[in-house]
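Structure first, commentary second.
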């Protein structure tokens, strides 16, 4: 197992509601726990993954995620069993959408 | 129609309980995960693979749980089992109208060895305590991982077992039998054979499940409500008469199945005409046929 931590400062979009869990810890899948947290406008992500040595890929996927949503005061915790980057991105979007209504149009920085 | 089998545990809860009524105990945000898996450097889940809590079913306060088959095959570890036991004990304390268990499990989580074995036995004890308190227990088996091992036994500690044809219920799973006794004994890759020996139709004909429904969430929910309402009007505790009747059913089964190795032959022995056609029958057709031939517990009043 490998634990990876990310923190993105000065997000623009805060969350409301109860913590939500999406996804399942199964082969090629992951679970994402998302919850509002007082983090001075930052978004913290902690990943525990069974696939060791993919830090650079996670960094890129997380940076993309932050570009899309720019979350503020949010804590995201992930248990991963070797999900591909596309699956990780979809699960992260699903997690955000489970907590906050999607603004009309596309989220920050997203492209159609 | 929407498939129950394809849903995750967290999707099944709102599909089965009244809309918006379910309150989860120890939700994932509490992060009560398995300490054993962490020690083994294996992936954990924030809910240890089970959702437990209290909701409403048909307006009645019903406690319940849903096992997540996608996480380690729904296997029961120490935390997973303790969550089930805690929910069952609280159902007694709060005088629940019923308990609804959405089971999907390969049984004991072998990584946790004795802790997992003890957890499963405690779940069985707690289920019987719930029944002893006069609260009916309804088990639903319709997930793609089936219900095996210790949880297969636990399912049969419920008052009513509701299954779909796709659901599977047994003690040793097909791979376990093949590994232990060889492919000549049981070919676990023969999917038709696997369903003939563990699937809902077989269990219904043999009397191990009391209700068979199509793989449809609305059908499962309606069956759970019917079972709850029917059970509330009768005796849900273990009784000597009930156990003797169950024993008689099993003794009849031993006689009926003596020397037979193919489930279709067993169905034929029960009097089912053209047993080779049974796997292909639609639910309605099958139920009409099974009504005349299935083995049932005769309590003798």
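Residue numbers (the numbering used here), protein chains in the order written: chain U, 332 to 443; chain H, 1044 to 1344. In this text, a Cβ means the ideal position worked out from N, Cα and C, and glycines have one as well.
As assigned by DSSP and simplified to three states, the class of residue i
i, result
"residue 1114 (chain H)", "coil"
"residue 1211 (chain H)", "strand"
"residue 377 (chain U)", "strand"
"residue 1178 (chain H)", "coil"
"residue 440 (chain U)", "Note that residue 440 (chain U) scores a pLDDT of 45, beneath 50, so its modelled location is shaky and nothing firm can be said."
"residue 410 (chain U)", "strand"
"residue 1242 (chain H)", "strand"
"residue 1060 (chain H)", "coil"
"residue 1325 (chain H)", "coil"
"residue 1298 (chain H)", "helix"
"residue 1263 (chain H)", "helix"
"residue 1229 (chain H)", "coil"
"residue 1067 (chain H)", "strand"
"residue 333 (chain U)", "strand"
"residue 1195 (chain H)", "helix"
"residue 1316 (chain H)", "coil"
"residue 421 (chain U)", "helix"
"residue 385 (chain U)", "coil"
"residue 1049 (chain H)", "coil"
"residue 391 (chain U)", "helix"
"residue 1088 (chain H)", "coil"
"residue 1134 (chain H)", "helix"
"residue 1168 (chain H)", "helix"
"residue 1280 (chain H)", "coil"
"residue 1340 (chain H)", "coil"
"residue 1055 (chain H)", "helix"
Paired residues, beta bridge with residue i - DSSP
i, result
"residue 351 (chain U)", "U:365"
"residue 1148 (chain H)", "H:1190"
"residue 338 (chain U)", "U:375"
"residue 1143 (chain H)", "H:1107 and H:1181"
"residue 1093 (chain H)", "H:1110"
"residue 1206 (chain H)", "H:1184 and H:1255"
"residue 403 (chain U)", "U:345"
"residue 1099 (chain H)", "H:1104"
"residue 427 (chain U)", "Beta-bridge pairing links residue 427 (chain U) to no other residue."
"residue 1119 (chain H)", "H:1151"
Counted within 10 angstroms of its Cβ, other Cβ atoms place residue i as buried (16 or more) or exposed
i, result
"residue 1088 (chain H)", "buried"
"residue 1211 (chain H)", "buried"
"residue 1194 (chain H)", "buried"
"residue 435 (chain U)", "At residue 435 (chain U), the pLDDT of 38 sits below 50, so the modelled position is not reliable; the number obtained from the coordinates is stated separately. Looking at its Cβ environment, which holds fewer than 16 other Cβ atoms inside 10 Å, residue 435 (chain U) is exposed."
"residue 1175 (chain H)", "exposed"
"residue 1203 (chain H)", "buried"
"residue 1244 (chain H)", "buried"
"residue 1298 (chain H)", "exposed"
"residue 1305 (chain H)", "exposed"
"residue 1264 (chain H)", "buried"
"residue 1318 (chain H)", "buried"
"residue 412 (chain U)", "buried"
"residue 1045 (chain H)", "exposed"
"residue 1232 (chain H)", "exposed"
"residue 398 (chain U)", "exposed"
"residue 384 (chain U)", "exposed"
"residue 1323 (chain H)", "exposed"
"residue 1155 (chain H)", "buried"
"residue 1251 (chain H)", "buried"
"residue 1107 (chain H)", "buried"
"residue 1290 (chain H)", "exposed"
"residue 1337 (chain H)", "buried"
"residue 423 (chain U)", "buried"
Could you tell me whether the region 1213 to 1224 of chain H touches the region 1155 to 1173 of chain H, where touching means 3 or more Cβ pairs closer than 8 Å? no
Residues in the region 374 to 405 of chain U with C-beta within 9 Å of chain H's C-beta atoms, listed in sequence order? 379, 380 and 381
Between the region 344 to 354 of chain U and the region 1056 to 1069 of chain H, do at least 3 Cβ pairs fall closer than 8 Å? no
With three or more C-beta pairs closer than 8 Å as the rule, is the region 1235 to 1252 of chain H touching the region 1260 to 1274 of chain H? no
Assess, as a yes-or-no matter, whether the region 1088 to 1105 of chain H is touched by the region 339 to 346 of chain U under the definition of 3 or more beta carbon pairs within less than 8 Å. no
Taking a cut of 8 Å between CB atoms, which residues from the region 358 to 372 of chain U lie near chain H? 360, 362, 364 and 366
Whether or not the region 1278 to 1288 of chain H and the region 1066 to 1075 of chain H are in contact is what I'm after, with contact meaning three or more pairs of Cβ atoms, one per stretch, closer than 8 Å; do they touch? no
Taking a cut of 7 Å between CB atoms, which residues from the region 340 to 353 of chain U lie near chain H? 350 and 352
Say whether the region 375 to 388 of chain U touches the region 332 to 341 of chain U, bearing in mind that this needs 3 or more beta-carbon pairs closer than 8 Å, one atom from each stretch. yes
Stretch-stretch touch, CB-based, cutoff 8 Å, three pairs: the region 383 to 394 of chain U with the region 351 to 371 of chain U: no
Short-range partners of chain U found in the region 1089 to 1111 of chain H, where Cβ spacing is below 9 Å: 1089, 1090, 1092 and 1111
Of the residues that make up the region 411 to 424 of chain U, which ones have a beta carbon closer than 8 Å to any beta carbon in chain H? 411 and 412
Count the CB pairs spanning the region 412 to 427 of chain U and the region 1062 to 1071 of chain H that are closer than 8 Å, and state whether there are at least three. no
Could you say if the region 1080 to 1087 of chain H and the region 1123 to 1142 of chain H meet the contact criterion of at least three C-beta pairs nearer than 8 Å? no
Pair every Cβ in the region 400 to 412 of chain U with every Cβ in the region 378 to 388 of chain U, then say whether three or more of these pairs are closer than 8 Å. yes
Identify each residue in the region 1153 to 1169 of chain H for which the Cβ-Cβ distance to at least one residue of chain U is less than 7 Å, and report them in chain order. none
Beta carbons nearer than 9 Å to chain U: which residues of the region 1049 to 1066 of chain H have them? 1051, 1052 and 1053
Taking a cut of 7 Å between CB atoms, which residues from the region 1110 to 1142 of chain H lie near chain U? 1111, 1113 and 1114
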